[in-house]
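Here is the structure we will look at.
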Amino acid sequence: MNRKDFFKTSILGAAAVAAAPSLLASCCGPKKAGTGAKLNVCLQSGKAIGESYAEQLDYCESLGVTGFEPGGRELVSDFDNLAKAIEGRNIKIAAICAGFDGFILADDPAQKEAFDTSMRRIVEAAGAIGSTGVIMVPAFSRQEPCKPNNQETYDYLCEQLHELGEFAVKCGTTVILEPLNRRECFYLRLVSAAAAICRDSKSEGVKCMGDFWHMQEETSDYAALMSARDYLQHIHIASRKNRCNPGEDGEADNYVDGFRALKEMGYDKYISLECGNIGDPAVAIPAAVELIKNQWEQA
Ligand code: MG
36 MNRKDFFKTS
46 ILGAAAVAAA
56 PSLLASCCGP
66 KKAGTGAKLN
76 VCLQSGKAIG
86 ESYAEQLDYC
96 ESLGVTGFEP
106 GGRELVSDFD
116 NLAKAIEGRN
126 IKIAAICAGF
136 DGFILADDPA
146 QKEAFDTSMR
156 RIVEAAGAIG
166 STGVIMVPAF
176 SRQEPCKPNN
186 QETYDYLCEQ
196 LHELGEFAVK
206 CGTTVILEPL
216 NRRECFYLRL
226 VSAAAAICRD
236 SKSEGVKCMG
246 DFWHMQEETS
256 DYAALMSARD
266 YLQHIHIASR
276 KNRCNPGEDG
286 EADNYVDGFR
296 ALKEMGYDKY
306 ISLECGNIGD
316 PAVAIPAAVE
326 LIKNQWEQA
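Start counting the sequence shown at 36; every next residue gets the next number (our numbering).
So this is what it looks like as structure tokens:
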């Protein structure tokens, strides 16, 4: 399905409904605890070296990277090119990194409407390209006016996510809550809190993730990730002091405790580099992929 066809087709159209069950089996189905863990390293589109998608995907494949994470705006605007570039390769579109307008907890109806419209467009595109889900944050600390952080807002968030999650299921994909840290998102900063929202949203299409950079607020990588075992759909990784390539912060870049949780729960989704560079990326990225493979073995 190309972009033109995809935007012409309503989500309730035959093509989308026909595609949903097979995609759902890989995106939203229950995991068997402790079995089937598989390391799938992923690069965000800004990380993969190359001038075109073809060059970037060649680069990923040369490193044994099996996932590619574009932004939501990029996915929607460049859908045809991306879908064509990925065809027949040993690499898939992993999660989609945000890219929507507005935010789900906006108090301003216009901002909420902007979120609803743009997020659903990205979710449709994500489903059509076989993505594992669209990453979202309920509200960045800087976003105002925002609903107050109280029980009423929590219930509202879960209701809204339920609707969005059910929409994502129909599209054959998910929405993925990303906890950040208190500076960026005081609303959601622990993996277990995101998992609780997934549970309370009561939709197979509402998932969460962990980001080893933001997880500096956690007391245990293992416990944080294990708390979300039923909902964990994606992982971001970066060096742990400067948010650069894993390994560029030396001894601090230890992910074994978290990887152990992923292996024990049978995690088979993606671990995606979301980070900058300290040194030459042509050296640091392959080294980071190697470090991840080695620590996964150790875990
Ligand atoms: Mg992240």
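For every residue, glycine included, the Cβ atom is placed at its ideal position computed from N, Cα and C.
Check: Per DSSP, what kind of secondary structure is ILE327 in: helix, strand or coil?; Outcome: helix
Check: If contact is defined by three or more beta carbon pairs under 8 Å, each pair taking one atom from either stretch, is the segment 94 to 104 in contact with the segment 77 to 86?; Outcome: yes
Check: If you measure from the CB of HIS271, is any heavy atom of the ligand MG nearer than 6 Å?; Outcome: yes
Check: Could you give the distance in angstroms between the alpha-carbon of PRO297 and the alpha-carbon of SER166?; Outcome: Reading off the sequence shown, one finds Leu at residue 297, where the question assumed Pro. Distance between the alpha carbons of LEU297 and SER166: 20 Å.
Check: State the start and end residues of the unbroken alpha helix (DSSP H) segment that holds ALA160.; Outcome: 144 to 164
Check: With DSSP as the reference, please indicate the residues paired to SER97 in a beta bridge.; Outcome: DSSP output for SER97 lists no bridge partner at all.
Check: Go ahead and pull the three-state DSSP assignment for GLY200.; Outcome: helix
Check: Which of the three DSSP states, helix, strand or coil, is assigned to SER236?; Outcome: helix
Check: Could you tell me whether the segment 228 to 247 touches the segment 198 to 214, where touching means 3 or more Cβ pairs closer than 8 Å?; Outcome: yes
Check: List the whole-angstrom C-beta distance separating GLY107 from GLY134, where the pair is believed to meet the contact cut-off of C-beta under 8 Å.; Outcome: 2 Å
Check: With a threshold of 7 Å between beta-carbons, can MET171 be considered close to chain D, or not?; Outcome: Judged by its chain identifiers, the structure shown contains no chain D, having just a single protein chain.
Check: Look up ILE272 in the DSSP assignment and give the residues it is bridged to.; Outcome: LEU308
Check: Inspect the CB distances between the segment 139 to 148 and the segment 312 to 330 and report whether three or more fall short of 8 Å.; Outcome: no
Check: Closest to GLY327 by C-alpha separation, out of SER274, GLU252, GLY314, VAL210, would be which residue?; Outcome: Before going further, note that residue 327 is Ile rather than Gly in the sequence given. Nearest of SER274, GLU252, GLY314, VAL210 to ILE327, Cα basis: SER274.
Check: Quick one: Cα of GLY162 to Cα of ILE306, how far?; Outcome: 20 Å
Check: Hey, could you find the ends of the beta strand (DSSP E) ALA130 is sitting in?; Outcome: 130 to 132
Check: CA-CA distance, PRO56 and THR152?; Outcome: Low confidence applies here, because PRO56 scores a pLDDT of 44, under 50, leaving its location unreliable and the question unanswered by this model.
Check: For the segment 256 to 264 and the segment 220 to 235, state whether three or more C-beta atom pairs, one from each stretch, are separated by less than 8 Å.; Outcome: yes
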